[in-house]
Structures are given as C-alpha cells and as structure tokens.
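Protein chains in written order, with my numbering: chain F, 3 to 420; chain E, 40 to 399.
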C-alpha cells in the first residue's frame, strides 16, 4: 500500500470525526429553536390590511385543462369580494401554486402555502389522490382546505370543507333516475383510479339491493385512448345503460369508439359523472348529444345568481368559455368561507369551523347550506341531457337540497361498504 | 504532479459538503425549506446510482423509479402497519378493501428489521434477476432502456390496479410515525433530514471507492469496449450486473428515506415520467462525474420547485429542453464545462504563444 493511500485513510477518519461532531452540534441547535417554530407553524398572517389565501390547482400536467378553470373561477370570486370591500375589512390576496398533476408536489405546495405564505385558508385540489396527499398536511398544521369537486365520499377530515357533491348527492340520485326509467341492466366503465373504483363499489351494492344487474365492469388506465375492446364488450353485453366514470381525455376516445360501434343515446344511453360543459366542448357535442350527466349545477341552471355568475365569468375570461359544476362549487366555496369568517369575526380556522354550521349561500346552483357535522353541503342533485349546442339541459332534479351523507349511513344497502 | 494533491481534493470537497449539509443548511433554512432539501437529497441519492450505472457503466437506466418505488413502498408499508397499531388494518384498506386481515405479502413488513432490509435488498434482488436475464442475453443500448421503461410503466399500472392493497393512485399517504417517533414534530423532521444527508454522503463515498477501484476501471472498459473486455477474459455481464444492482439498492434506499421526509409514496413517483426525471438531473450535471450527477440532480429538482412557483406552465418544456441541450451539446454535463473551457483556453494560449513565437 502506498504512503499516499495511508494518509488518505487517516484523513477520512479525521474527517469522519469532524463530521460526527458537526452532526451532534447541529442536532442540539435544532432542538432549541424548533420548539418555538412549531407553535407558530400554522398561524395565518392577518396582521396587514390584506389576508392571504392559497389557490392550489394543477396548472401543468394532465389535470391542468380542468383545474385551470377552477382556479379562474376562484379568482373571479375573490375579485368580486374585493370589489365589494373584502372580508372583515381586509382585501383577499390570492397566492396561486401549481400542483403539477403530481401528488407529492401537492403536499409540498400545501406546506409552502401554510408555512411560508401563512394563508388563512386554501382552495383547490381536484383528484382524490391530490386531496389524500394534502389531507395530512392541513390536519397537522390545523389549516383549512376548501375542496370543490364531487368525489367518492367515505371521508370527513376536520380541516377540509367539501363543497362538491358526495356520493348520495350525485351517484345515488343518478341510479334512482335510471331505476325510475326502468333501465336495470348496467355496464360500468371507468378510469383506473380511486373515484371510479369506489363509485362502482357503491353502484354494485345499490344494484344488489334494488334488483338491478351489473353486466360488466371495465377500467382503462388514466389517459388511455384505446376503447375498441371496451365498446365492443359493452355492445355484446346487451345492457340497458352504461354508467361512465371515465375521466379527462379518455372520454373523447370512448365516445368516438361508442359511436362507431353503432351505439347511440337512444339505443344505449350513457350516464356520465365526470363530463361537464368544459369536457363536452373538447369531446365534441356531436358524439354526446342525447347522453346523460349527473351533477348539481349546469350553465343552464335557472336563477338570478347563476345568470350573474355566468355573465361575470364570460366577461372576465371570454364569451366562448362555459361554466361547469366544479367551477361553480369553487366559486361558491370562497363566498362560504367569507360568510363563515364574518360570522366567526375571525380568520382563526377553529373559530371559522365552529361558525360553519348552518351557513347558507344563494349559489348559482341554488341555495346551499353548510352541514357543520360533516363539513359537506346540502346540495340539489340534477340529471342533465347534453344538447347539440354543447350545453346541458336539466331533465330531472331532486326538488330540494339533499343532506350530505359521505359514509352513506342512511342507506341500508351500503352498510358493509366501509 | 504531487500524488497527495490529487487525493486531498475529494476529501476537502467531502468535508465541505458535510459542513454545508449538517451545519449551514439547518441554520440557514426554515423547517419547510429544509424539508424540501431532504426531498432533493433523496433524488441525489438516486443520481449517485445513475452515475455509476449509466455514467460509468453505460447502462441507460430509464427505470430507476421502480427501485425507488420498491424501497419507498417497503418502508411505507411498515410505517402504515405501525401507524394502524397491532390488530388493525391500515386506514385505506378499511376504506377500499373487504379483507379483514392483512394480505399475506404485507405481513412480513410488520417486522421493522425485515422492512428495513427489504428497502435495499428487494430492489437489489429485482435488479439482479432482471440484470441476469438481460445482460446474459447481451441486451444493451436502447433495448435495455426500453425494457427498464416498460418495467416502470408495468409496476405503476399494477400498483394502481390493486387499490385495496396498495392504495391505488393515491398511494400510501398520511404516514404519522417513523419507528416510534412522531413525524409531526419538527425536531424529528430535522432528524430525518440528517439521516438523509448522512446516507447521501455515505453513498457518495461508497460510489467513489467503487469508481476508483479496479472494478471501476473494468466498468468503464466495458462501457467503452465491451467486446475487448470479453476477449481479455472478463465477463462483461457480471461487471454490468454489479453496477446495476448497486444503483438499484441506492434508489431503494432513497425511496425508503423519501417516505418519512415527504410522508407519501405513490405510483406518481414510479412511472415513466419520474424515472426520466431522475436521469435528467444526472445528465444535466454530468453523468460520469459523481459531483456533477449529484449537484445536477439537486439543481434540477430545485429549479422545478422554484420555476414552477413562478412559471408553472413553462416548466415542463424547460425541463425537456434542458435534457436535449445537455445530451446534444454537452454530453458530459455541466461538470465537463470547466474542463472544456480550460482546454479551450489552453489551446488559445498555445495558439498565441505560437503566433508570438512566429512574429518574433
């Protein structure tokens, strides 16, 4: 062995010792100043004459096409509120962060909004996976998230307000509607992720209890565009209707394939729960005309609040931009937060939560009421039929807002779901 | 040249990195930024392996996400079982599954020693199996890269399909504790950071020893002329296998430490895109140089955070462009830039000396 390598080894040893010392020192340092930082971690900064809120949406990646519209309508609500004096005399300052359609990134950005920007509340997330990723972040930091998209239920975080529909306000009414029309043999098609799989579990349980049969259940990977096999299977199964939980681009390929397989809205109607006005535009209404959707809001929903919302949205973002259910739920969520803060006379998340029960808002979808126990909304279910003009016309509604039941406790057939 | 001078530089660099990671960063950064740095360092650990396998061994490993994921899931499975407590199922299984007890392949992970060993050994075993099959059949170049990609895609799709037992697209989220320590506590978060920093330095030291050993020479020889090495009596398949397996182990360890740092592991960290992102960092920094690969990896993920805060939509294009530019114009990465400039300056100086000489 050469003398150089012996010296090298000794150096490594002394370097290692120095390293250990540094580690020990810095670890000690960490303990003392960390105690202070954990106390102030979640405190929102409301000292100035503005209050910051976070907007957490995917502005890039596969989900961007949908989530950007949600961000836009959040901004519209914030602008409107600022123009009429803000919240508790403070102007809202939105901080927009990109979740990049990537779940760990959502968690990272949520932390940034809470800890660095010290926002009073955060609005956003779309996919269930992104919500599951940020949920522990909001819970640990005791900060509020307003989640604006219909979802698969079975969740109730103390720091999330769910302003989209849970399953008993969208999927169950859609099944009731199909049953009332005598459509009893269903075929299930969905994207392969949490929402469709959970939704289909619920549909299976409902079907079993209501004398309906499920002839098939198929999943395609998110973003998949190969649907000739599935369309042919659907055709061969001789079902009465298709329940579609496909998401995003896949719908384009599915409906084109559906049409070329010779299937129509008359011969075999499809009920979709993830196709709103924005998606109709990108799929093309010629493929969708006559098909059914289940939501709580359509651009065509009657009422002065909706006229005002649609007009303001088009004025801000362009005449050709449609409004949709998740956009409306996002817009509504900002107003609900404002009402909660004003009732609590504080931006403190705990006080805001305590004030939330019974808050109502005359939303574009009709009146919504916050259920403090579940932190979901009372919402009216609406079945719509897609028209050739790309808009969706309501054909049925539940008459009054339905009480949210995220765990489907009020439905005996759902007793062994969770 | 003085032989001592050459061997001192890495030691000094190593000590400098240690001071930066263990003293400067914890003092200068907020808890949030330190947590981000921990995440970046995990990517750097993957890059150390890529430097070895791709930079030195010429194996374009476009599927490191698989090994990162195996390590991450092995760790997360144990932590989820520990969070749930004895006799209980992890939260997502109660939600999405119908099983009343843990699936058989989850059970061994309840044992912390098994889970810890599995974070490194499981990826290494998979790499060894795949490597044996691939390298013996002399599959190389683009075919090897495509195979790695296919594996990454297949693994991600499988995970998504098994929602009741793997959490599907959500992955394993909401991890609360780390071997009895509460991850909520900022002090414990810092400890996780220190473990990651120490692991990174250890991996760099290990890789350096390997690169400068006789094996390292052989590895470069296989990269540059596999046939010639074969004629010299060595089996190139074994040489490549070692680099591939070691790189897989490093990615596995990175994945395992990523879990307590970020609190989530999901198929989004495993598929084709993240696998390519691991490689981009190493390529931009300089795949053949340890320092280049590590700094490149940290730089690229840091830029991702910083730029996506400013220009969210442009980031993806920028990242692609960076990769193309690095591969097309700077195959050695940024690490080779200094050497290139030095050589160019030397050439110019020589040219002026010659010109002056001619003029005189």
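For every residue, glycine included, the Cβ atom is placed at its ideal position computed from N, Cα and C.
Please read these numbers as outputs of a predicted model, since none were measured by experiment.
Start and end of the alpha helix (DSSP H) containing residue i?
i, result
"residue 74/F", "66-85"
"residue 180/F", "173-182"
"residue 297/F", "Element bounds for residue 297/F: not the alpha helix (DSSP H) but the beta strand (DSSP E), 294-297."
"residue 283/E", "275-301"
"residue 316/F", "306-319"
"residue 237/F", "230-239"
"residue 311/E", "311-324"
State the DSSP-derived secondary structure class of residue i, mapped to helix, strand or coil.
i, result
"residue 219/F", "strand"
"residue 117/E", "helix"
"residue 221/E", "strand"
"residue 43/F", "Its pLDDT being 45, under 50, residue 43/F is placed unreliably by the model, and the measurement read from it follows with that caveat. It is coil, neither helix nor strand."
"residue 264/E", "coil"
"residue 356/E", "helix"
"residue 363/F", "strand"
"residue 177/E", "coil"
"residue 120/F", "coil"
"residue 148/F", "strand"
"residue 323/F", "coil"
Express the C-alpha separation of residue j and residue i in angstroms, rounding to a whole number.
i, j, result
"residue 198/E", "residue 361/F", "41 Å"
"residue 76/E", "residue 59/F", "23 Å"
"residue 216/F", "residue 237/F", "14 Å"
"residue 164/F", "residue 171/E", "51 Å"
"residue 312/F", "residue 322/F", "11 Å"
"residue 276/F", "residue 284/F", "13 Å"
"residue 355/F", "residue 343/F", "9 Å"
"residue 110/F", "residue 267/F", "44 Å"
"residue 226/E", "residue 273/E", "50 Å"
"residue 210/F", "residue 326/F", "32 Å"
"residue 192/F", "residue 187/E", "28 Å"
"residue 222/F", "residue 128/F", "19 Å"
"residue 333/F", "residue 85/E", "42 Å"
"residue 197/F", "residue 206/F", "14 Å"
"residue 210/E", "residue 136/E", "14 Å"
"residue 51/F", "residue 145/F", "20 Å"
Could you pull the start and end residues of the beta strand (DSSP E) that residue i belongs to?
i, result
"residue 339/F", "Residue 339/F -> not in any beta strand (DSSP E); alpha helix (DSSP H) instead, spanning 327-346."
"residue 193/F", "187-193"
"residue 246/F", "243-247"
"residue 96/F", "93-100"
"residue 164/F", "162-164"
"residue 396/F", "394-399"
"residue 433/F", "Residue numbering for chain F in the displayed model covers 3 to 420; residue 433/F lies beyond these limits and cannot be assessed."
"residue 82/E", "First-last for residue 82/E: 70-89, but that is the alpha helix (DSSP H), not the beta strand (DSSP E)."
"residue 53/F", "52-59"
"residue 387/F", "384-388"
Looking at residue i: is its Cβ nearer than 8 Å to the Cβ of residue j?
i, j, result
"residue 88/E", "residue 289/E", "yes"
"residue 202/E", "residue 199/F", "yes"
"residue 219/F", "residue 190/F", "yes"
"residue 303/E", "residue 205/E", "no"
"residue 96/F", "residue 117/F", "no"
"residue 294/E", "residue 108/E", "yes"
"residue 401/E", "residue 190/E", "Look at the range of chain E in this structure, 40 to 399, and you will see that residue 401/E is not part of it."
"residue 223/E", "residue 142/F", "yes"
"residue 139/F", "residue 349/F", "no"
"residue 161/F", "residue 351/F", "yes"
"residue 291/F", "residue 388/F", "yes"
"residue 96/E", "residue 282/E", "yes"
Verify the CB distance criterion: does residue i have a CB-CB separation below 8 Å to chain F?
i, result
"residue 354/E", "yes"
"residue 105/E", "no"
"residue 375/E", "no"
"residue 48/E", "no"
"residue 71/E", "yes"
"residue 123/E", "no"
"residue 116/E", "no"
"residue 108/E", "no"
At least one CB of chain E closer than 8 Å to the CB of residue i: is that the case?
i, result
"residue 223/F", "yes"
"residue 323/F", "no"
"residue 339/F", "no"
"residue 260/F", "no"
"residue 367/F", "no"
"residue 358/F", "no"
Does the beta carbon of residue i fall short of 7 Å from some heavy atom of the ligand FAD?
i, result
"residue 52/E", "No copy of the ligand FAD appears in this structure; indeed no ligand is present at all."
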